[in-house]
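J.: Protein sequence lines correspond, in order, to chains A and B.
For the first sequence, the numbering used here begins at 2 and goes up steadily by one.
For the second sequence, the numbering used here begins at 996 and goes up steadily by one.
Okay, here's the structure, questions in a sec.
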Amino acid sequence: MSLAVDIVKREGRRPTEAFERAKLHASILAACLSVRTPEGQADSVAQAVCDAVSEWLAQRPEVTSQDIRRVASTHLKRYHPEAAYLYEQHRMVI
Amino acid sequence: MDTFGSLAIVALAALIHASFQLSVSVLTLLGGHAIGAKRSQATVLRLTSSFVGGVTVMTILLLSFVALVLSSVYGNHAPEYAWAIVCGLLVGVGVAVWAFYYRREKGTSLWIPRAIASYLSDRTKATKQSAEAFGLGLSSVIGELLFVAAPILISALVLIQLEPLWQLVGIGLYTVISLLSLGTVWSLIGGGHTLSRIQRWRETNKYFLQFAAGSGLIILGFFVYVNEVVAAAVGAS
């Protein structure tokens, strides 16, 4: 499923694209699995975070990918702090 | 310098090499991507082992190559100016590590060119085969060449003075010690520890590691300078 929201990619260096819930779900799921969360629980957490982000996006015509990451991270912290830590750190490891 | 003293210098240089973190960062990321992509524990272990294999091979190749070049230029005894230059490099890199090694932001981002960091990060994400992980290991050593060049150079200068058998022992010693931190993280990932704990520890202690690496380089530089340059000058007068 995709919402009619334009996502501005990395400081505008890449073309904008429509929001895709599946992509966000996959990244949250991967973060949860990385901290060895059982698959069912990881999927539930990813669904809950995606719901929260979709709700937040509903009133916004255009956001940046950084915004999505920040909001997703805030919600993920409530459900799974360890996964949220790794999700936040993803681009800061190297 | 006697054989024991030479090997002690090689061991200290290798310990400093072990405190550099690019390979550990790439291994952490590789483990994270592999586990996050629902790969089996055997596959995770195979990928991370191949990565460690790549780092091992490149470390051996680099040290052997530098020692070969130095021995063909200087024979089995380097002149004082060569020692002085490498000692200067050790102190210079030590100060640079103190000042710049980690970026002043959250996480464990290093002061390496961002193009190299992006390349390694993208390759880590795309790695699915053991051969790719092995290649990634080779590349990650090249990526931190800016920092590991100094300990490798001083070790090579020390090694060319030794008997061939002791040179091999020295290369082995350097490789084993320089892989200690990587081996520890590899065994933690293999043992089922969560990556968030490993990364949190690395982030919490990053300034200590930075201080230790910089201090080690400076101490090693002064020690070798006194031992090889000052002692030779005093002995000659």
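Just so it is clear, CB atoms sit at the ideal spot from N, CA and C, and this is done for glycine as well.
Which bits of chain A does V1021 of chain B rub up against, with CB to CB less than 9 Å?
T.: V94, I95
J.: Out of curiosity, what's the CA-to-CA distance linking P82 of chain A and M996 of chain B?
T.: 54 Å
J.: Where do the N-terminal and C-terminal ends of the alpha helix (DSSP H) with P82 of chain A fall, by residue?
T.: 82-90
J.: Name the chain A residues whose beta carbon is nearer than 9 Å to that of S1100 of chain B?
T.: A quick correction: the sequence has Glu, not Ser, at residue 1100 of chain B. Those are M93, listed as they occur along chain A.
J.: Just checking: is the beta-carbon of A1151 of chain B within a distance shorter than 9 Å of some beta-carbon in chain A?
T.: no
J.: Which residues, in chain order, does the segment 52-66 of chain A contribute to contact with chain B at a C-beta distance below 8 Å?
T.: none
J.: Under 8 Å: does the beta carbon of V94 of chain A sit that close to some heavy atom of the ligand ATP?
T.: You won't find the ligand ATP in this model; it holds no ligand whatsoever.
J.: State the start and end residues of the unbroken alpha helix (DSSP H) segment that holds A1062 of chain B.
T.: 1036-1069
J.: Does the beta carbon of R37 of chain A sit closer than 9 Å to a beta carbon anywhere in chain B?
T.: yes
J.: Going by other Cβ atoms of all chains shown within 10 Å of its Cβ, with 16 needed for buried, is W1196 of chain B buried or exposed?
T.: Exposed is the call here.
J.: Please report whether the beta-carbon of A73 of chain A lies at a distance below 9 Å from any beta-carbon of chain B.
T.: no
J.: Does the beta-carbon of Y989 of chain B have 16 or more other beta-carbons within 10 angstroms, so that it is buried, or is it exposed?
T.: Given a span of 996 to 1232 for chain B in the structure shown, any question on residue 989 of chain B remains unanswerable.
J.: To the nearest angstrom, how far is it from the Cα of N1222 of chain B to the Cα of L1154 of chain B?
T.: 15 Å
J.: At a CB-CB cut-off below 7 Å, which residues of chain B make contact with L34 of chain A?
T.: I1030, G1031, K1033
J.: Note the first and the last residue of the continuous alpha helix (DSSP H) segment covering F1015 of chain B.
T.: Here F1015 of chain B belongs to no alpha helix (DSSP H), and DSSP marks it neither H nor E.
J.: Give the single residue among B:G1132, B:L1084, B:W1181 whose Cα lies nearest to the Cα of Q1036 of chain B.
T.: B:W1181
J.: Have a look at B:Y1220, B:A1227, B:S1001, B:N1200 and flag the residue whose alpha-carbon is nearest the alpha-carbon of K1101 of chain B.
T.: When each option's Cα is compared against that of K1101 of chain B, the closest is B:N1200.
J.: Which residue marks the beginning of the beta strand (DSSP E) containing V64 of chain A, and which one marks its end?
T.: 63-65
J.: From what residue to what residue does the alpha helix (DSSP H) around P1146 of chain B run?
T.: Segment 1140-1154, the alpha helix (DSSP H) holding P1146 of chain B.
J.: Determine, using beta carbons only, whether H1028 of chain B and A31 of chain A come nearer to each other than 9 Å.
T.: It is a contact, given that the beta carbons lie within the stated cut-off.
J.: Please give me, in chain order, every unbroken run of the alpha helix (DSSP H) with length at least 4 that falls completely inside the segment 34-78 of chain A.
T.: Complete alpha helix (DSSP H) runs here, min 4: 40-58.
J.: Is L25 of chain A helix, strand or coil by DSSP?
T.: helix
J.: Output yes or no for whether 9 Å exceeds the beta carbon distance between V36 of chain A and S1116 of chain B.
T.: no
J.: By Cβ distance, which residues of its chain are closer than 6 Å to A1073 of chain B, with the 5 residues on each side in sequence left out?
T.: Result list for A1073 of chain B: L1152, in chain order.
J.: Using a Cβ-Cβ cut-off of less than 7 Å, give me the residues of the segment 1102-1116 of chain B that come near chain A, in sequence order.
T.: G1102, T1103, S1104, L1105, A1112, L1115, S1116
J.: According to DSSP, is A1077 of chain B helix, strand or coil?
T.: DSSP places A1077 of chain B within a helical segment (H, G or I) once states are collapsed to three.
J.: Using a Cβ-Cβ cut-off of less than 8 Å, list which residues of the segment 78-90 of chain A approach chain B; keep chain order.
T.: E83, A84, Y86, L87, E89, Q90
J.: Expressed to the nearest angstrom, what Euclidean distance is found between the alpha-carbon atoms of L1133 of chain B and V1171 of chain B?
T.: 16 Å
J.: Counting contacts by CB-CB distance shorter than 9 Å, is R1195 of chain B in contact with chain A?
T.: yes
J.: Output, in chain order, the set of chain B residues within a Cβ distance shorter than 7 Å of A23 of chain A.
T.: Neighbours of A23 of chain A on chain B: none; closest Cβ ~15 Å, over 7 Å.
J.: Any C-beta of chain A within less than 8 Å: which residues of the segment 1157-1190 of chain B qualify?
T.: G1187, T1189, L1190
J.: Report the neighbours of A47 of chain A on chain B: residues whose CB is nearer than 7 Å to its CB, in chain order.
T.: Contact note: A47 of chain A does not reach chain B at a C-beta cutoff of 7 Å; the least C-beta distance is about 12 Å.
J.: Indicate whether W1106 of chain B and G1209 of chain B have their beta-carbon atoms separated by less than 9 Å.
T.: Contact check for W1106 of chain B against G1209 of chain B fails: the beta carbons are separated by 9 Å or more.
J.: Just to confirm the assignment, what range does the alpha helix (DSSP H) spanning R1109 of chain B have?
T.: 1109-1121
J.: Using a Cβ-Cβ cut-off of 9 Å, state whether E1198 of chain B counts as contacting chain A.
T.: yes
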